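According to this note's numbering, the stretch in the sequence shown is residues 1102 to 1313, in order. Take a look at the structure below.
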Amino acid sequence: MREKLELPNKGKKLLLHSCCAPCSGEVMEAIIASGIDFTIFFHNPNIHPKKEYDLRKEENIRFAEKHNIPFVDADYDVDDWFARAKGMEWEPERGIRCTMCFDMRFERTALFAYENGFDTICSSLGISRWKNMEQINDCGIRAASHYEGITYWTYNWRKKGGSTRMLEISKREEFYMQEYCGCAYSLRDTNKWRTENGREKIKLGEKYYGKD
Ligand code: SF4
């Protein structure tokens, strides 16, 4: 049995920023089970290269269509992302480059919500145990604060079995399994770590949950 979730501040309409199918699968099923009206917003110009971006997006669209959830495919403004990341190329994961990256994605989410009649925004990013939830929540709250009537929902998607179900759903749906956070620098750093630890470099488009 799932807990029945409610939007903060008596919200009625949620815009869910989604980073990928594996992270949003559990978040989407929890929201659907609670009867909350929501739309998925895919804005992730951080994802590099384009082949990986398309793989992640297509998996997300496939799952949204399965549940009849509206899906907004926002711009892939990769030049803007790289421009904002200038000078932060060697920052570690969970550092200031990631704050910039979350800010950029949530700013666009909050703007779209404001212009299209949503009162609440949140993100599937926080369900990943590789991420710093406090950092994500700070960015989300900051983005929402620029728009009157928009609230960032800080719900902890990992709790009450959320992390376990995230993996179960990924296996059940045989989602594409990304092996790095998303940007060119996280791909570079993950490959460096793999090489140093005697592992093969990442091969895009090859691994799927439930198969590997
Ligand atoms: S490591 Fe992930 S969150 Fe950080 S900047 Fe790269 S894509 Fe964004």
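Note that beta-carbon positions come from the ideal geometry of N, C-alpha and C, so glycine has one too. None of the values given here were measured: they were computed from a predicted structure.
DSSP three-state assignment for residue i, whether helix, strand or coil
{"i": "SER1224", "result": "strand"}
{"i": "HIS1138", "result": "Going by the sequence as given, residue 1138 is Asp instead of His. Looking at ASP1138 - three-state DSSP - the assignment turns out to be strand."}
{"i": "LEU1106", "result": "coil"}
{"i": "TYR1281", "result": "coil"}
{"i": "TYR1309", "result": "strand"}
Check whether residue i and residue j have beta carbons under 9 Å apart
{"i": "ALA1285", "j": "TYR1248", "result": "no"}
{"i": "ILE1197", "j": "ILE1222", "result": "no"}
{"i": "GLU1280", "j": "LYS1308", "result": "yes"}
{"i": "ASN1148", "j": "PHE1139", "result": "Residue 1148 is actually Ile in this sequence, not Asn. No, they are not a contact pair."}
{"i": "VAL1179", "j": "PRO1146", "result": "yes"}
{"i": "ASN1233", "j": "CYS1282", "result": "no"}
Beta-carbon proximity list for residue i, same chain, < 7 Å, skipping 5 on both sides
{"i": "LYS1261", "result": "GLU1104"}
{"i": "ARG1209", "result": "HIS1144, ALA1175"}
{"i": "ARG1266", "result": "GLU1127"}
{"i": "ILE1270", "result": "GLY1126, GLU1127, GLU1130"}
{"i": "LYS1312", "result": "GLU1275"}
Own chain residues within Cβ distance below 6 Å of residue i, not counting five before or after
{"i": "GLU1190", "result": "TYR1286"}
{"i": "THR1255", "result": "ASN1238"}
Nearest-residue set for the ligand SF4, Cβ under 5 Å from any heavy atom
ASN1147, GLU1194, ARG1198, CYS1199, CYS1202, CYS1282, GLY1283, CYS1284, SER1287
Could you say if the region 1175-1190 and the region 1215-1225 meet the contact criterion of at least three C-beta pairs nearer than 8 Å?
no
Is it a yes or a no for the region 1151-1166 touching the region 1119-1127, going by three-plus beta-carbon pairs under 8 Å?
yes
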